[in-house]
Amino acid sequence: MDHKLSVTVQVALDGQKVRISAGGCLTRLSQSGLHPLIRRACGLAPGVQVTVDLTGTRHVEAIGVELLRWAVDHDVPDHHGPAVEIVVPEPLPDHLIPAAPPVPDASGGTGRPPGRPRTAPAER
2 MDHKLSVTVQ VALDGQKVRI SAGGCLTRLS QSGLHPLIRR ACGLAPGVQV
52 TVDLTGTRHV EAIGVELLRW AVDHDVPDHH GPAVEIVVPE PLPDHLIPAA
102 PPVPDASGGT GRPPGRPRTA PAER
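Start counting the sequence shown at 2; every next residue gets the next number (the working numbering).
1. Report the start-end ranges of each beta strand (DSSP E) in the stretch 42-95 that is 3 residues or longer and not cut off at the edges.
2. Would you decide whether GLY65 is buried or exposed? Buried here means 16 or more other CB atoms lie within 10 Å of its CB.
3. Across which residues does DSSP place ARG20 in a beta bridge pair?
4. Could you work out which residue in ASP74, LEU14 and GLU67 is closest to VAL46 when comparing CA atoms only?
5. Apart from the five residues on each side of it in sequence, which residues of its chain come closer than 6 Å, Cβ to Cβ, to SER7?
6. Could you check the C-alpha separation between GLY16 and GLU91 for me, to the nearest Å?
7. Assuming THR52 contacts ARG29 (C-beta within less than 8 Å), just tell me the rounded distance between them.
8. Can you name the residues that DSSP bridges to GLY25?
9. Mind checking VAL73: buried by the 16 CB within 10 Å criterion, or exposed?
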């Protein structure tokens with residue numbers, strides 16, 4: 002499978018909203034291509050609202066989403082606006098690689114490990 006990532010950046014005329022729309026494949030490797038775009042978007046204006054939209058992707062690795070979220074939380078210096086929102090497809094496309102194995106919960110079922118960040122589901 003060709004794991005290329007394509008990106009479109011939309012900026013509102015007032016510079017207060019930026020939407021980074023990704024298509025193709027988001028993998029543990031390709032997600033790093035979004036980092037400089039997110040940093041630049043966050044630096045456009047004070048209080049800018051940045052959204053990374055992954056709903057146009059056809060292949061998403063959960064580890065790619067986790068790494069992207071970590072990078073956004075730790076590598077975007079001096080972003081004084083709202084948190085960067087990452088919108089993921091609902092349900093995630095095929096070829097999903099689990100970010101972490103399920104763990105038993107108190108009722109004997111399985112769930113995500115406690116403390117794992119969630120990403121916003123796609124709006125319909």
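All C-beta atoms, glycine included, are put in the ideal place defined by N, C-alpha and C.
If we stick to the structure as given:
1. For the stretch 42-95, the full-length beta strand (DSSP E) segments reaching 3 residues or more read 50-61 and 86-89 along the chain.
2. buried
3. GLN11 and THR52
4. Position check: residue 46 holds Ala in this sequence, whereas Val was assumed. The residue with the shortest Cα to Cα distance from ALA46 is LEU14.
5. GLY24 and GLY25
6. So the two alpha carbons sit approximately 29 Å from each other.
7. No, THR52 and ARG29 are not in contact; Cβ-Cβ is about 22 Å, not under 8 Å.
8. LEU6 and THR58
9. Looking at its Cβ environment, which holds 16 or more other Cβ atoms inside 10 Å, VAL73 is buried.
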